[in-house]
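Chemist: Chains as they are written, first to last, in my numbering: chain A, 1154 to 1481; chain B, 295 to 637; chain C, 29 to 528.
For every residue, glycine included, the Cβ atom is placed at its ideal position computed from N, Cα and C.
Since this is a predicted model, take the numbers as computed values, not measurements.
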């Protein structure tokens, strides 16, 4: 909880700063846009959180998005598959990718970094191959399906505000993920193996199976996000869709309290971390800061936040120790 | 007369033999086909249309063409050009991503092959000529479309993938100069208004220029954020082909379709559809088909030693076309025909 | 004239850490060419005192005199310049480098930045000969057995030509033979005039080696014993402040029916040897042998960690084939591994989470955690084993070694196993906690369980086992019962001199 508090404070500070400098930051339109983007990117963060908890990493997320988006566009617009079968097919594809990663990492004992780095290249190449490297648009034929992303769901008891549909998709995923991690024995197994895989194995936990599950989850969630991104943009560019999104996901997860050493991670933290990144991008536009400054600003704000968090933690630890010493 | 018969039959045998012999001769000629490479600055439907022109010229002039689209920007493009030089192509047409900093690379290529630029020029390099439109003129034409959409003035934002590219800078300056009724500038000695600062004068005010580095999601988010920050925004100009469709998505979802005017470049189907639907004021087509076609034509002639194809000014200007609601349907039909011909 | 004044004096040293007063007015003297043993239970302050001498930590109060002159030992480097070398309890080697590189790490003989490999190799060889380690200096440390790694560490400190050598539990991972070699070395160094401060839990060793014993208890001096006064009872009395009349609570039981039957077992570590043995209910069986004899591997194979190349394992009449640890647990086995911190515990997790890790599966509600069962199991185990912890949410890395070992055992007791496999169950824990572990083993056997344990501590093997299996190079070279059990008999079998 304390880890989340730090990042949450930083989020609030950035929001406050932006709102003071341009009150239009607080308009419902802008708020809901930020919620929509946070929801879309949040799905990726939740996925990578599972992998990071096991002490692994997934660098292929962006390429999985690209491949899934491209495959969806090809199946729908060129092969004219029905919507349910096309969606099922791309989800099976992303699950197969996750299983493939898991098998290589557990059975062949390859390093997750290497496996998923190769995946990053492989799936991007496949996406460009199946589309002949052409951008594909959905046109106006899939407006019904697109409601999944661009639709708005009115909140009960409020006539003015309706939340973007992806919010509910992500909320459902986050809820299931949080329950899985905190309330089931498998969530405990994941955390145990992330901290000490051998000790978990010695306790009778099938660590390989749990790791496979983590990579499977990560890729399937990347696949779901891939579908949503493709629909949101209404067109896909096989070489660019999802590029670098794994870094946003990993950054959000780490900001939200996941330790790259494994064993730690909180779904709420990941969502707040994602929100922070999206708000920073939004703030740069809202405050009319030149776009070429964005990386410098985002890097600086995050670094400042992490440093402050660490200093506050040390200060608190020192004070607690002093109090304990005084009490004894 | 009968004596003619053997002669004729002999003739036909010779003709048949000639035909037969000419087969291997012909393939030999094919083996000596000039090899020409057409390097774009990225991946985009825009380049698909240009590729159609390349393919048409490839058949017409009997050359062998490679079309290379670097997906990852300047490093990728450099690698591709170096590979081409290593393979020994006869001619290269390049659309430089960052002209100022690629002069060295282009000059190096000039030592080993005939090199021209297309779409975006590299002034100061040793390229033989530039095939393209006058991006500044195109920008001014887009500015005219904005004026048509907002006759009494308004607030405008510009969206683009990267501002490093010369064509982006020239287009933007064209839009700015036209809206502010400034005199036409000379391409060689052009002064650019710095992006990121509000430019105003007369009834038109250009609030900002946002870049997205070719990330479609960023392009859409930029348009959304522009609407959030500026409730009184009247018009969006997308300088690159994909910008205007992403702006249109954002405008539609905000329920402001038709209220916020859109002006674009190039001829993506979503843009043409938007014009037909009345959501987009118009677009500037630079006829990329002819970029591809003329690049191949000129390089083929050059590699056969014919330098008469080079324009004196070094600039082969492909005329632009303004597409509005009135001519959109016809333009789209013609475009489809051209693309089909390219394949 | 021989030295009359002591080489090193520690006077009235105080040291506190947040929440703990580690040392209170501790003093000691060390003569020239003397082996001084410093003993005490875990947490008595031995390690802190040694870290102060080694320059790792600074005292809050008090002074250190070397040759009657007060000195300040601000860093490990300063300690080294005074001729004080500290061999840490935890191995301090870079195990990805070879022996030679480790021996001269940070002080490589070099010229213009180029490392002189030939000199490293020859100097390293000399040092290795001195400690009696028969490995090439180019052997990578990670491929060495843990006992041999320890000897590299000792060789490293020898190369520093120290006047004072502080050894913190140097024998905790050595076999008997290696320990004997070490003792020879220690005596050789002492005769050369080097003074040695020797810290150990193994009172037998202390008795054998020390000229004088200083006992610490709760951060203070508890007493001192001269050469003639060193007895086990005397030391224990000073350490725990009371008499421990009986260290090994073993009583004899009549063994029940056969529980575990192992035939023709071949492990990956010793693929050419086959192992046969059986364990009966209500029986404590010890496995003795030198480091590397293949004892741990047998336990690992039984528990399904390593694959068995061949052989049958029958547990309660049911065969186990290609089994996983989960299958072994299902069959009624439990394993408390040798390396508690790496294999037995998840140090960053709480007492509760560690205790319930093995039983989660059994107590689940359709995959969901059963918090009530988890807490019940935990509290019951804590009570049964008398674990000292401030709360169930305490992170286990902050518990003492003895309490940590109880958590490892407690995790398995909750599963109600039939056979408990223990690998070095008392390594690195203090006398009081050791005795609690022994009592627990005894209690489990009397309740009808079987205990199969591996130990390098001869006294423990002799004191606790009904039957002893002795291993040598992957084979069981003999079996000893209480009637013919002796240290000599075990050593003969363990070194492969005879096969019974």
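#1: Among 481/B, 510/B and 470/B, whose alpha-carbon lies nearest the alpha-carbon of residue 492/B?
#2: Would residue 422/C pass as an interface residue toward chain A - the criterion being a Cβ-Cβ separation below 7 angstroms?
#3: Just the C-alpha distance for residue 73/C and residue 466/C, rounded to the nearest angstrom, thanks.
#4: Taking the CB atoms as reference points, tell me whether residue 518/B and residue 544/B lie closer together than 7 angstroms.
#5: Measure from the alpha carbon of residue 590/B to the alpha carbon of each residue in 514/B, 460/B, 457/B and 603/B, then state which is nearest.
#6: Tell me residue 252/C's beta-bridge partners as DSSP assigns them.
#7: What are the boundary residues of the alpha helix (DSSP H) that includes residue 1254/A?
#8: By the 10 Å Cβ neighbour count, where 16 or more other Cβ atoms means buried, how is residue 1233/A classified, buried or exposed?
#9: To be precise: take each residue of the region 1384–1402 of chain A, compare its Cβ to all Cβ atoms of chain B, and keep it if any distance is under 9 angstroms. Which residues remain?
#10: Using the three-state DSSP reduction, which class does residue 638/B fall into: helix, strand or coil?
#11: Return no unless some Cβ of chain C is closer than 7 angstroms to the Cβ of residue 1213/A.
#12: By how many angstroms is the C-alpha of residue 446/C removed from the C-alpha of residue 476/C?
#13: Residues of chain C with CB closer than 7 angstroms to the CB of residue 1419/A, please, in chain order.
#14: List, in chain order, every chain A residue whose beta-carbon is nearer than 8 angstroms to that of residue 389/C.
#15: If I measure Cβ to Cβ from residue 321/B and keep anything under 8 angstroms in the same chain, skipping five residues before and after, which residues do I get?
#16: Could you check which residue in 397/C, 159/C and 66/C has the C-alpha nearest to that of residue 234/C?
#17: In the DSSP assignment, find the alpha helix (DSSP H) that holds residue 471/B and state where it starts and stops.
#18: Interface residues of chain A around residue 453/C at Cβ under 9 angstroms?
#19: Rounded to whole angstroms, what's the CA-CA distance from residue 438/C to residue 493/C? Just pull it up for me.
#20: Rounding to the nearest angstrom, what Cα-Cα distance links residue 1207/A and residue 1367/A in this structure?
#21: Quick one: residues in its chain with C-beta nearer than 7 angstroms to the C-beta of residue 409/C, no 5 flanking neighbours on either side, listed in chain order?
#22: Determine the direct distance from the alpha carbon of residue 339/C to that of residue 305/C, and round the result to whole angstroms.
#23: Among residues of its own chain, excluding the 5 on either side of residue 451/C, which ones have a beta-carbon nearer than 6 angstroms to its beta-carbon?
#24: Under 7 angstroms Cβ-Cβ, which residues of chain B neighbour residue 1439/A?
#25: Can you list, in chain order, the residues of its chain whose CB lies under 8 angstroms from that of residue 113/C, leaving out five sequence neighbours each side?
#26: Evaluate residue 1306/A with the Cβ neighbour count: other Cβ atoms within 10 Å of its Cβ, from every protein chain shown; 16 or more gives buried, anything less gives exposed.
#27: Go ahead and label residue 1276/A buried or exposed: buried means 16 or more other beta carbons lie within 10 angstroms of its beta carbon, across all protein chains shown.
#28: Could you check which residue in 1371/A, 1447/A and 1460/A has the C-alpha nearest to that of residue 1408/A?
#29: Please report whether the beta-carbon of residue 350/B lies at a distance below 7 angstroms from any beta-carbon of chain A.
#30: Which residue spans inside the region 1368–1419 of chain A form an unbroken alpha helix (DSSP H) run of at least 4?
#31: I'd like to know whether the C-beta atoms of residue 599/C and residue 1336/A end up nearer to each other than 7 angstroms.
#32: Going by DSSP, what residues sit across from residue 362/C in a beta bridge?
#33: What first and last residue would you give for the alpha helix (DSSP H) that runs through residue 1296/A?
#34: Would you mind stating whether residue 1298/A and residue 1220/A have Cβ atoms separated by less than 7 angstroms?
#35: Note down, in chain order, each residue of its chain lying with its Cβ closer than 7 angstroms to the Cβ of residue 475/B, except the 5 sequence neighbours on either side.
#36: Is the beta carbon of residue 386/B less than 7 angstroms from the beta carbon of residue 403/B?
Modeler: Quick look at the numbers:
#1: Of the candidates 481/B, 510/B and 470/B, the residue whose Cα lies closest to the Cα of residue 492/B is 470/B.
#2: Contacts with chain A at 7 angstroms (Cβ-Cβ) do not include residue 422/C.
#3: Answer to the nearest angstrom: the Cα atoms are 25 angstroms apart.
#4: The criterion of a C-beta distance shorter than 7 angstroms is satisfied by residue 518/B and residue 544/B.
#5: Ranking the options by Cα distance to residue 590/B, first place goes to 603/B.
#6: Residue 252/C is bridged to 242/C.
#7: Per DSSP, residue 1254/A belongs to the alpha helix (DSSP H) from 1236–1259.
#8: Exposed, since its Cβ has fewer than 16 Cβ neighbours within 10 Å.
#9: Hits within the stretch, in order: 1385, 1386, 1387, 1388, 1389, 1390, 1391, 1392, 1393, 1394, 1395, 1396, 1397 and 1398.
#10: The structure shown does not extend to residue 638/B, since chain B is modelled only from 295 through 637, so no value can be given for it.
#11: No, residue 1213/A lies away from the interface with chain C (no Cβ there is under 7 angstroms from its Cβ).
#12: Approximately 8 angstroms, taken between the alpha carbons.
#13: By Cβ distance, chain C contributes nothing, its closest Cβ being about 15 angstroms from residue 1419/A, past 7 angstroms.
#14: Ordered by position in chain A, the residues that pass the 8 angstroms Cβ test against residue 389/C are 1338 and 1357.
#15: Model confidence at residue 321/B stands at a pLDDT of 39, short of 50, so the residue's coordinates are unreliable and nothing is read from them.
#16: The shortest C-alpha separation from residue 234/C is found at 66/C.
#17: Run containing residue 471/B: 460–473, per the alpha helix (DSSP H) assignment.
#18: None at all; the shortest Cβ gap to chain A is about 15 angstroms.
#19: A straight line joining the alpha-carbon of residue 438/C with that of residue 493/C spans about 21 angstroms.
#20: Looking at the two C-alpha atoms, the distance is approximately 7 angstroms.
#21: For residue 409/C, same chain residues with a beta-carbon under 7 angstroms away, outside a window of 5 residues either side, are 383, 438, 441 and 442 in chain order.
#22: Taking the straight line joining both Cα atoms gives about 12 angstroms.
#23: Only 324, 327, 365, 366 and 482 meet the Cβ criterion.
#24: Correct list: 519, 522 and 523.
#25: Around residue 113/C: 82, 107, 185, 188, 190, 192, 193 and 194.
#26: Here residue 1306/A is exposed. Its C-beta has fewer than 16 other C-beta atoms within 10 Å.
#27: Buried, by the Cβ-count rule.
#28: For residue 1408/A, the closest alpha carbon among the candidates 1371/A, 1447/A and 1460/A is that of 1460/A.
#29: So, not an interface residue.
#30: You should have 1398–1408.
#31: Because chain C is modelled from 29 through 528, residue 599/C falls outside the range shown and cannot be assessed.
#32: According to DSSP, residue 362/C shares a beta bridge with 448/C.
#33: In this chain, the alpha helix (DSSP H) harbouring residue 1296/A covers 1296–1303.
#34: Residue 1298/A places its beta carbon 7 angstroms or farther from that of residue 1220/A.
#35: The residues are 496.
#36: Between residue 386/B and residue 403/B, the gap from beta carbon to beta carbon is short of 7 angstroms.
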